[in-house]
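Okay, structure first, notes after.
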Amino acid sequence: MKVVTSKPSPTIAADERSHEADHPTSPVAQFGADQPLKLDCGIDLSPFQIAYQTYGELNADRSNAILVCHALTGDQHVANIHPVTGKPGWWETLVGAGRPLDPGRYFIICSNVIGGCMGSTGPASINPATGKVWGLDFPIITIPDMVRAQAMLLDRLGIETLFAVVGGSMGGMQVLQWTAAYPARVFSVLAIACSTRHSAQNIAFHELGRQAVMADPDWHGGRYAEEGTHPHRGLAVARMAAHITYLSDAALHRKFGRRMQDRDLPTFSFDADFQVESYLRYQGSSFVERFDSNSYLYLTRAMDYFDIAADHDGVLAAAFRGIKTRFCVVSFTSDWLFPTSESRALVHALNASGARVSFAEIETDRGHDAFLLEVPEFFDIARAFLQSAGKARGLNDGRLA
Amino acid sequence: MSGQQQVLPLGDWAADAGKNYRADHLLVAGMVERGSKVLDVGCGEGDLLQLLESRGIDGRGIELSREGVNRCVAKGLAVVQGDADTDLVNYPDDAFDYVILSQTLQATRQPKTVLENLLRIGRRAIVSFPNFGFWRLRLQLLIGGHMPRTDNLPATWYDTPNIHFCTIKDFVQLCDEINVKMERAVALDLYGRPLRLIAPWWFWNMFGEQGVFLLSRAEKAK
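For the record, the sequence lines run as chains A and B. Quick note: the first sequence, position 228, residue 1242 per the numbering used here, numbers continuous. Quick note: the second sequence, position 19, residue 550 per the numbering used here, numbers continuous.
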């Protein structure tokens, strides 16, 4: 395969990026002083805005709404061309005509998380109190805060109950938080490659990424917007390290092996001799064009703090006691970031609380990233789960009423 | 040999016959009251669960093989990957009205512990297993001198998952020993049809190809 190496173009991208942060191309729900977002850290965030995309149409009895929750570096552009990168939506494998989440059947909503940088209020947004970019003055947010903001958006859209909440990785954490916080508002959930708490190893990887950002002199203690810089080198290193955790040894070996990049012999230098190096550099540099560094710090922190059991006296099953929501939990064999054992612990807790749960582990060598890729067995399961839930919900075979 | 009661199957056991359901599944389903909550341990590809759900029963499953689980989930069934030997302990007491162990007991490492767990998790248990006292199996060992193999038990001794075979007689004794009450016992013939007569236990043990038992917790002896 041909691997492209590109240098970041921080100035041009920075303009588009910062523009999207406050004035996104997506629709925006604005919440004024009368509707603050009550954050876990004790601060009332106000005013704030949530940027979102929708696909399909809400049916007459408002029973076909599906909320998609995006992962750490995802956004609301699930199944449309991305306004900054010009690339297809990040989950077009799952969402689209003829796909398990078909806009012809369901009303699909995805919002940029609070703390994000694609139009929902976050560290890259302008702080109305100062007229400057929030930066590190932005309060620390958590996964429950993200979900609270999503619930406020749904209230605004006039949607009381969701037919399903679907997400992988950090999106899966939000899915589980939905069931713990608003069980009556969620008919079914599809929680993919996720966990009810972030492991020590995952916190460690996040800390590595954050330190890489903070070690970049262009970070300027988080005030890079005022300095007219962006710590693109630090963020690229963070992304490179994180990207390795999304893959697997087998996948890297299959994709790259020890193959050389556009050369036959080593250069005896620190050039990207190997394809895998070139690939990682590309991943790092393309990421910084679309993502804000401080936002990366805040969102990784939110994942680190996530621990559903801790909010229920350490008993995970207590979070789901008496829940009527139908669960489908999916893990992937080669995912070492959110390994099957994490999903299994969740399933045990759900069984102990009497919840209706399906759990499938999908065999693949593609690691954590598998949830974003073309994995037919996973799609079959997602489709069948939603169809049987739709039948139980009385969704006239998914057709719009 | 045992004070356990033998009872003939209900007349409507074959109500869904002709819909390609297995005879023993129909029999098991006939023992489950409608509207109850059931856990099928070792649910395979979910055939029995589908039959139960078609009767308005809230069915859940555990299956060891990943392929089996994924097929069940792809049928919309609430099935999780798990092992009867290790995962039943994670279920709370009285979580289900019935726990079913269909043709799986002989493949568990700790059949006694599994049986005790079934009746801890469920108020009742339904257990079916191949009867190793069946005359054909006896004959193969006695005359042929080799480990028995039949259409229903085709595996060779070296690749069989079945590590704890027992006879109907053995099972009845185990139930006596761990204070389990047999509410109903049925022996099936080679074609999966119930033996439609009450015969002495030794007769069932000889001519039953498999046994199906509805169990409950016996009153604690004083």
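Note that the Cβ used here is the ideal one computed from N, Cα and C, for glycine as well. Only a predicted model underlies this, so the values are computations on that prediction, with no experimental measurement involved.
For this session: Please confirm if A/Asn1141 has its CB atom under 9 Å from at least one CB of chain B.
Result: no
Exercise. Can you list the residues of chain B that A/His1362 reaches, using a CB-CB cut of under 8 Å?
Worked result: Asp618 and Asn621
Exercise. What does A/Ile1080 touch in chain B if you count any residue whose Cβ is under 8 Å from its own?
Worked result: None at all; the shortest Cβ gap to chain B is about 17 Å.
For this session: Would you give the residue range spanned by the beta strand (DSSP E) that B/Arg748 belongs to?
Result: Where B/Arg748 is concerned, the enclosing beta strand (DSSP E) stretches over Gln741 to Arg748.
Exercise. If you drop the 5 nearest sequence neighbours on each side, which residues of the same chain put their C-beta closer than 7 Å to that of A/His1234?
Worked result: Sequence-distant partners of A/His1234 (beyond 5 residues in either direction) whose C-beta falls short of 7 Å from its own C-beta, in its chain, are Glu1241 and Thr1243.
For this session: Quick one: measure Cβ to Cβ for A/Pro1259 and A/Phe1284, integer angstroms, because I've assumed they're closer than 8 Å.
Result: It is worth fixing the name first, because residue 1259 of chain A is Thr in this sequence and not Pro. About 23 Å separates the two Cβ atoms, so there is no contact after all.
Exercise. Taking DSSP as the reference, what is the three-state secondary structure of A/Tyr956?
Worked result: Lying before the first or after the last residue shown, residue 956 of chain A is absent from chain A, which here runs from 1015 to 1415.
Problem set entry | Start-to-end residues for the alpha helix (DSSP H) that takes in A/Phe1201 | Per DSSP, A/Phe1201 belongs to no alpha helix (DSSP H); it is in the beta strand (DSSP E), Val1200 to Ile1206.
For this session: Could you tell me whether any Cβ in chain B is nearer than 9 Å to the Cβ of A/Ile1258?
Result: no
For this session: Go ahead and label B/Ile699 buried or exposed: buried means 16 or more other beta carbons lie within 10 angstroms of its beta carbon, across all protein chains shown.
Result: buried
Exercise. On the three-state DSSP scale, how would you describe A/Ala1043?
Worked result: strand
Exercise. Given that a residue counts as buried once 16 or more other Cβ atoms are within 10 Å of its Cβ, and exposed if not, what is A/Gly1145?
Worked result: The residue is exposed, with fewer than 16 neighbouring Cβ atoms inside 10 Å.
For this session: Select from the segment 1394–1406 of chain A all residues with a C-beta closer than 7 Å to any C-beta belonging to chain B, and list them in chain order.
Result: Under the 7 Å Cβ criterion, the segment 1394–1406 of chain A contributes Asp1394, Ile1395, Ala1398, Phe1399, Gln1401 and Ser1402.
For this session: Taking B/Ala656 as the query, report the chain A residues whose CB atoms sit under 9 Å from its CB, ordered along the chain.
Result: Under the 9 Å cutoff, chain A gives no residues; its nearest Cβ is about 17 Å from B/Ala656.
For this session: Starting from the Cα of A/Asp1318, find the closest Cα among A/Ser1367, A/Val1361 and A/Thr1210 and give me that residue.
Result: A/Thr1210
Exercise. Quick one, which of A/Gln1225, A/Asp1276, A/Val1290 and A/Ala1165 has its alpha-carbon nearest A/Phe1269's?
Worked result: The sequence shown places Lys at residue 1269 of chain A, rather than the Phe named in the question. The candidate whose alpha carbon is nearest that of A/Lys1269 is A/Val1290.
Exercise. In this structure, does DSSP put A/Thr1068 in helix, strand or coil?
Worked result: strand
For this session: For chain B, find out if any of its Cβ atoms is closer than 9 Å to the Cβ of A/Arg1119; answer yes or no.
Result: no
For this session: Tell me whether A/Ser1355 is buried or exposed, calling it buried when 16 or more other Cβ atoms sit within 10 Å of its Cβ.
Result: exposed
For this session: Identify the contact partners of A/Glu1377 in chain B, using a Cβ-Cβ distance below 8 Å as the criterion.
Result: Arg597
For this session: Check the Cβ of B/Ala626 against every Cβ in chain A and list those closer than 9 Å, keeping chain order.
Result: What B/Ala626 touches in chain A, judged by beta-carbon distance under 9 Å, is Asn1365, Ala1366 and Gly1368, going in chain order.
Exercise. Under the three-state reduction of DSSP, which class applies to A/Leu1409: helix, strand or coil?
Worked result: coil
Problem set entry | Given B/Asn683 as reference, the closest of B/Met713, B/Arg640 and B/Tyr722 once Cα atoms are compared | B/Tyr722
For this session: To the nearest angstrom, report how far apart A/Leu1409 and A/Asp1169 are at their CA atoms.
Result: 22 Å
Exercise. In whole angstroms, what separates the C-alpha of B/Leu583 from that of B/Asp555?
Worked result: 13 Å
For this session: Quick one: give me the first and last residue of the alpha helix (DSSP H) that B/Cys574 is part of.
Result: Taken as a continuous stretch (DSSP letters only), B/Cys574 belongs to no alpha helix (DSSP H), as it is neither H nor E.
Exercise. Just reading off the alpha helix (DSSP H) that B/Lys643 is part of, what are its end residues?
Worked result: Pro642 to Ile652
For this session: Classify B/Ala686 as buried or exposed, calling it buried when 16 or more other Cβ atoms lie within 10 Å of its own Cβ.
Result: exposed
Exercise. For the 8 Å Cβ check, are there 3 or more pairs between the segment 1339–1347 of chain A and the segment 1304–1319 of chain A?
Worked result: Judged by Cβ distances under 8 Å, the segment 1339–1347 of chain A makes no contact with the segment 1304–1319 of chain A, as fewer than three pairs qualify.
For this session: For A/Cys986, go through chain B and note every residue whose CB falls closer than 8 Å to its CB, in chain order.
Result: Outside the shown range of chain A, which is 1015 to 1415, sits residue 986 of chain A, and nothing can be said about it.
Exercise. For A/Ala1333, which residues of its own chain have a beta-carbon under 6 Å away from its beta-carbon, when the five flanking residues on both sides are left out?
Worked result: Ala1194, Ile1322 and His1326
Exercise. When the Cα of B/Ser596 is compared with those of B/Ala615, B/Phe663, B/Asn710 and B/Ile674, which residue comes out closest?
Worked result: B/Ala615
Exercise. Going by other Cβ atoms of all chains shown within 10 Å of its Cβ, with 16 needed for buried, is A/His1267 buried or exposed?
Worked result: exposed
Exercise. Which value, in whole angstroms, describes the spacing of the CA atoms of A/Ala1415 and B/Ser585?
Worked result: With a pLDDT of 37 at A/Ala1415, under the threshold of 50, the modelled position of this residue cannot be trusted, and the question is left open.
For this session: Flag A/Thr1019 as yes if its beta-carbon sits less than 9 Å from any beta-carbon of chain B, otherwise no.
Result: With a pLDDT of only 42 at A/Thr1019, under the threshold of 50, the placement of this residue in the model should not be trusted; the figure read from the coordinates follows. No - not a single Cβ of chain B is within 9 Å of the one on A/Thr1019.
For this session: State the start and end residues of the unbroken beta strand (DSSP E) segment that holds B/Cys706.
Result: First-last for B/Cys706: Ile699 to Glu708, but that is the alpha helix (DSSP H), not the beta strand (DSSP E).
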